[in-house]
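See below for the structure under consideration.
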Amino acid sequence: MSSTVARHGAEVTVHPGLDGLDGLAGVLAAQPDSPLVLKVGRRAVAVPAELAAALRQTVLALSHGEAVTLTPHEALLTTQEAAEVLGVSRPTLVRLLESGALPFTKPGTHRRVRLEDVLAYAERQRRLPAPAPRRT
């Protein structure tokens, strides 16, 4: 099993296939509340709880064959990237931008959207009540 790591600026994408991943996932799943300790050489350092939770989620996703991308929330996305995060078409995203539903910048001729704003919009949409089914 092999893995690939792609780097684009501060973004890192890890594709599944890391050697020993299933064993690590099994250990983490068997003891979900145990503190994690990172040992480098002779030094051992306790992993902060929030980072440990993120690591557990990452390992679990990779062990299930999912690719994982780590990106700073301050990252600027293209309209295509933002549309992919939201699961909508690029024209739909542009309509959201133009309507003011999502803030954006236009540093030149192209719009850029902060990942943090895209994630906040997705969370707001998730919390909206589901529309009533249409009667025909």
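Here the sequence shown is numbered in the UniProt record's numbering, starting from 1 and rising by one per residue. In this text, a Cβ means the ideal position worked out from N, Cα and C, and glycines have one as well. As the structure is a prediction and not an experimental result, all values here were calculated from the model.
{"Check": "Tell me whether the beta-carbon of Thr-79 lies closer than 7 Å to the beta-carbon of Leu-93.", "Outcome": "yes"}
{"Check": "Anyone know if the C-beta pair for Pro-131 and Asp-117 falls short of 7 Å?", "Outcome": "no"}
{"Check": "Take the Cβ of Leu-38 as the centre, count every other Cβ of all protein chains shown within 10 Å, and call the residue buried at 16 or more, exposed below.", "Outcome": "exposed"}
{"Check": "Pull up the DSSP beta-bridge partners for Ala-75, would you.", "Outcome": "Ala-75 is not bridged to any residue."}
{"Check": "Using DSSP with H/G/I as helix, E/B as strand and the rest coil, what is Leu-21?", "Outcome": "helix"}
{"Check": "Under three-state DSSP, which class holds Arg-43?", "Outcome": "strand"}
{"Check": "Quick check on DSSP: helix, strand or coil for Arg-112?", "Outcome": "strand"}
{"Check": "Helix, strand or coil, according to DSSP, for Thr-136 in the structure here?", "Outcome": "coil"}
{"Check": "I'd like to know whether the C-beta atoms of Val-113 and Leu-77 end up nearer to each other than 7 Å.", "Outcome": "yes"}
{"Check": "Considering just the uninterrupted stretch of the beta strand (DSSP E) at Thr-58, what are its terminal residues?", "Outcome": "Taken as a continuous stretch (DSSP letters only), Thr-58 belongs to no beta strand (DSSP E), being part of the alpha helix (DSSP H) at 49–63."}
{"Check": "Does the Cβ-Cβ distance between Ala-75 and Leu-115 come in under 7 Å?", "Outcome": "yes"}
{"Check": "Would Leu-24 and Val-59 be called neighbours here (beta carbons separated by less than 7 Å)?", "Outcome": "yes"}
{"Check": "DSSP on Val-68, reduced to helix/strand/coil?", "Outcome": "strand"}
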